[in-house]
Amino acid sequence: MATTVTKTEPIVGKGVRRKEDPRLITGTATYVDDIEMPGMRYAAILRSPHAAAKILRIETSAAAAHPGVVAVFTGDDTRDVGPVPCAASLPGLRAPEHKVLATDRVYYVGHPVAVVVAADRYVAQDALDLIEVEYEPQPAVADPEKALEPGAPAVHPEWPDNRAFTYQHEGGDAAKAFAEADVVVKQRIVSQRLIPTAMETRGVVAAWDAGMRTLTLHSSTQIPHLMRSLVAAMVGMPENRLRVVTPEVGGGFGSKLNVYAEEALLAWISMRIGKPVKWIESRRENYQATIHGRGHVDYYELAARKDGTILGLKAKIIQDCGAYHQLLTPAIPTLSLLMAPGIYRFRNVSAEIIGVFTNCVPTDAYRGAGRPEATHCIERMVDLLAAELKMDPAEIRLKNFPGPDEFPFETGTGLSYDSGDYAAPLKKAMEIAGYEGLREEQRRARNEGRFLGIGISTYGEICALGPSSALPAGGWESATVRVEPSGKVTVATGTSPHGQGEETSFAQIVADELGVDLDDVEVIHGDTGIVQYGIGTFGSRTLAVGGTAIHYACQDLKTKIKQWGAMLLESDDVRFEGGACVCNKTGKSVPLAEIAAAAYRALKLPPGAEPGLVATRFWEPSNFTFPFGAHIAVTEVDPETGQVEIKRYVAVDDCGRIINPLLVAGQIHGGVAQGLGQALYEEAVYDENGQLVTGELMDYAVPKATMVPHIESSHTETPSPVNPLGVKGVGEAGTIGCSPAVVNSVVDALSPLGVKHIDMPLTPEKLWRLIAKGGQA
Amino acid sequence: MRITGSARIAAAAPEQIFRLLLDPAVLSKCLPGCEGLERTGEDEYRMRMKAVIGAVSGAFDGTVRLSDQKAPQSFRMAVEGSGRIGFVKGEGLLKLAGQDGGTEIAYDGEVQVGGMIASVGQRLLDATARMIIRRFFTRLSEEAGQ
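Protein chains in written order, with the working numbering: chain A, 3 to 779; chain B, 16 to 161.
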């Protein structure tokens, strides 16, 4: 798909290979753990083995006396650091004080209790064993529904009902819709806890410069600027003396859209001991102490007429928050509520979220963040309704979509869907899959006693997060585009791409706008010392919000370029085209490099102009964007083993205008792999005492490459009116579309046994038992 | 985790087995990985034990408490230990019954583990516990035969 392009033809829309790949695939990229500094010390963190306990005593003297140990700190030392921030606010939100190290109690397995700083990493780790902590274990609760039962152990003794918050929404008239309905389907649906499992775990290097009185914090994060603001406040230093640098990030998926205790802790330690300090999270720590995703138990009811017209929805969303709120914990299920009606026309919605404390690590954003849960539920409900009415699942969907002329479409949850043609990707996916033929094949298979299923999901999602009024910390984005004196172009983006490929897509946009070669555009990001303030990379926002800021900076820059071009061409009628200013009268032209040289040399200035060729834009979007699509999964379940085989996987996604089809394909493939993980394999399991049973990759099944099927990927392109690029975002689409398609398919396969619903993950054991019992759960 | 089962020791009557089970010197010899067992009080012992569970190994320091002793038929045992790899907490009832000149020992207890052994070793815990118990009774049987 890669194309070589000269600057005479537009490069936007071409599948050019990623500019970032050579360093990544040759091992020359720099990650946090690659950073070494003179005099560097290494930190290791002692974590609670108990889900709930009082700390009676911590004895650190043996660890402190261990050869090579520089310092040992406990919660008593760090009382002035923090607290770990939660940026989300909801009416009546209960937010426990989240200290960087536990003081009198621990609330989950993995809770940081003490930190050892030593001359090397192994010494630090060994010395952890010498710290004695006397715990008095307390009853713990790990299951969110059990936590809501009267008499359940209180996670935070001050809130014995374990309710972190409740949030209600009424749109339209759900009561009336249900009263008028011919049919109501109800289902309890679990979106299990997942562990994000970024290939690179978290890591921090903090370096205090005593002379300059500045602190540089290297962290594997998605939000360097927000981290600077928040960590500066946590350690009580002026923000302008803290620099956050994000080197290469080996996967985030939302788990690094956060500010963790360790970031402030390392910053504080470096200032305290006057040396650079490094901490690299182990995989076991990553599983215990980095946020988890999902953790929903949802109760849905869907009301419809007997012709299949959906009238209304009631939803009760129980969100397992874990023991604390991390940066956005309470905000994630609000996205589920907003997305609860899916992409269907009905507007009567009655929904409630109950946030619940449990003795588990907090949940927060994980690829899709609230939207996969919502999509999974509504797509399961629509299939349940289709089964109840004996309608085809494609037919019932097509009947309930708003038409392309109904946009902007106001939803019953208060959103305004920007643009869409929801039937288009479904019809295209059905055509690619050969839907009618598949149903025929299914009939034959069933006659042979085989379990063949066809599952559809038609999803929508909230992307390009988003208007600042709807986000906890600003939803705009920034860009500086600079033509250097040589004519080469530098772009500084406030976003923080970490694998999505925007160094390439941003360069494509700029190359077209300024008429320069792709290789002449350098995109820099992730360093608060050299990039203007920005928000970061999450919520499928980087291209749609950050790219748009770049687009507008280019427009400003072109105005300046034309001023200089007019002066050099001694004409007041010039255009900028193909990398040069052209006089409309004489046809004479001056290339960008010459214009740049003149602008920096500045021997003579155009009237009203400044020297240099730089433009900075901060762009605030007026709305989210709403990508959509249709996925079809064809599965067969082996009745002997319960194993699911994915025979076909068709994904037709509409992410608005496509800047680079190669990047879009990559996002869809990775997204589908993670959706498949949730549908079939992954589950974070805590036992009844709050012990994390799936504590490493031996017990937590992330799909391997061989477990991911060939994805037949295609697109429709409905431009977004929200931004001038017409783009919508695609980072989470694959994940959101996938799990309901797979589960709907497996339920369809087992429907001859009377199976109506199965909760994820669809492990062979679960399916085998279901089949063995003739479909009775 | 529930641990139940029974073992048969052919060569000794319940009275002798009961005595052996309460003898720290014998116990420390029979318990796989035991690196020390000393009496700290009436029916109370301090124990250090090394355990290997799959890829995880480490030492536990803990206490063993005996109660409800009804010689030679039964006693309860409570074990608590913790170490780098986590903690173990368990309580169980051991019943001894004479049978054809030997002793049938039935045990029934509940064990809770935490920390690293819970998160990385839980799936191997069952098998490990069974192995430890089997080895313990094999050695106890040898002790009884001497």
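Each residue gets a CB set at the ideal place from its N, CA and C atoms; glycine is no exception.
| Asked | Found |
| --- | --- |
| Would you tell me roughly how many angstroms separate the C-alpha atoms of Thr6(A) and Val18(A), rounded to the nearest one? | The predicted position of Thr6(A) is uncertain, since its pLDDT is 36 and thus under 50; a value taken from the coordinates is nonetheless stated next. Each residue's alpha carbon lies about 7 Å from the other. |
| What is the DSSP secondary structure of Asn361(A), reduced to helix, strand or coil? | coil |
| What would DSSP say about Asn350(A), mapped onto helix, strand or coil? | strand |
| Does any C-beta atom of chain A lie closer than 8 Å to the C-beta of Ser134(B)? | yes |
| State the start and end residues of the unbroken beta strand (DSSP E) segment that holds Gln189(A). | 185-193 |
| Taking the alpha-carbon positions, what's the Gln88(B) to Asp115(B) distance? | 16 Å |
| Whose Cβ in chain C lies nearer than 9 Å to the Cβ of Arg138(B)? | The structure shown has no chain C; the protein chains it does contain are A and B. |
| Using a cut-off of 7 Å between C-beta atoms, extract the partners of Gln127(B) located in chain A. | Asn691 |
| Go through its chain and collect everything with a Cβ distance to Arg25(A)'s Cβ below 7 Å, but skip five positions before and after it. | Ala31 |
| With distances taken from CA atoms, which of Glu160(A), Arg107(A), Leu219(A) is nearest Cys35(A)? | Note on residue identity: the sequence assigns Asp, not Cys, to residue 35(A). Measuring from the Cα of Asp35(A), the nearest candidate turns out to be Leu219(A). |
| For the stretch 495-511 of chain A against the stretch 238-253 of chain A, do three or more pairs of beta-carbon atoms, one drawn from each stretch, fall closer than 8 Å, so that the two count as touching? | yes |
| Alpha carbon to alpha carbon, how far is Ala90(A) from Val485(A)? | 39 Å |
| Who pairs with Met709(A) in a beta bridge, going by DSSP? | Met709(A) is not bridged to any residue. |
| By a C-beta neighbour count over all protein chains shown, 10 Å radius and 16 as the cutoff for buried, is Gly756(A) buried or exposed? | exposed |
| Compare the Cα-Cα distances from His527(A) to each of Val518(A), Met762(A), Thr497(A), His553(A) and report the closest residue. | Thr497(A) |
| Using the DSSP secondary-structure output, state which residues sit across from Gly51(B) in a beta bridge. | Arg63(B) |
| Is Tyr554(A) helix, strand or coil by DSSP? | helix |
| Do the stretch 152-162 of chain A and the stretch 56-68 of chain A make contact, defined as three or more Cβ pairs closer than 8 Å? | no |
| Start and end of the alpha helix (DSSP H) containing Ala513(A)? | 504-516 |
| Check the Cβ of Met131(B) against every Cβ in chain A and list those closer than 8 Å, keeping chain order. | Pro51, Arg286, Gly697 |
| Quick one: residues in its chain with C-beta nearer than 8 Å to the C-beta of Gly117(B), no 5 flanking neighbours on either side, listed in chain order? | Arg23, Ile24, Ala25, Ala26, Ala27, Ala28 |
| Would a check of beta-carbon distances place Val118(A) closer than 8 Å to chain B? | no |
| According to DSSP, Tyr602(A) sits in a beta bridge with which residue or residues? | Tyr602(A) pairs with nothing; no bridge assigned. |
| Does any CB atom of chain A fall closer than 8 Å to the CB of Phe102(B)? | yes |
| Taking only beta carbons into account, state which residues of the stretch 49-74 of chain B come closer than 7 Å to chain A, listed in chain order. | none |
| Say whether chain B places a C-beta atom closer than 8 Å to the C-beta of Asp131(A). | yes |
| Residues in its own chain within less than 6 Å of Glu685(A) by CB, not counting five upstream and five downstream? | Gln194, Pro763 |
| Could you please tell me which residues of the stretch 205-217 of chain A, in chain order, have their CB closer than 9 Å to any CB of chain B? | none |
| Go ahead and label Lys775(A) buried or exposed: buried means 16 or more other beta carbons lie within 10 angstroms of its beta carbon, across all protein chains shown. | exposed |
| In terms of residue numbering, what span does the beta strand (DSSP E) encompassing Ala45(A) cover? | 43-49 |
| Taking 8 Å as the threshold, find out whether the stretch 424-442 of chain A comes into contact with the stretch 639-659 of chain A through three or more Cβ pairs. | yes |
| Could you give the residue range of the alpha helix (DSSP H) that holds His378(A)? | 373-391 |
| DSSP state of Ser72(B), grouped into three classes? | strand |
| What do you reckon, are the CB atoms on Arg369(A) and Thr292(A) nearer than 8 Å? | no |
| Assign Val704(A) to one of three DSSP states: helix, strand, or coil. | coil |
| Which residue's Cα is closest to the Cα of Asp145(A): Glu134(A), Glu138(A), Arg165(A)? | Arg165(A) |
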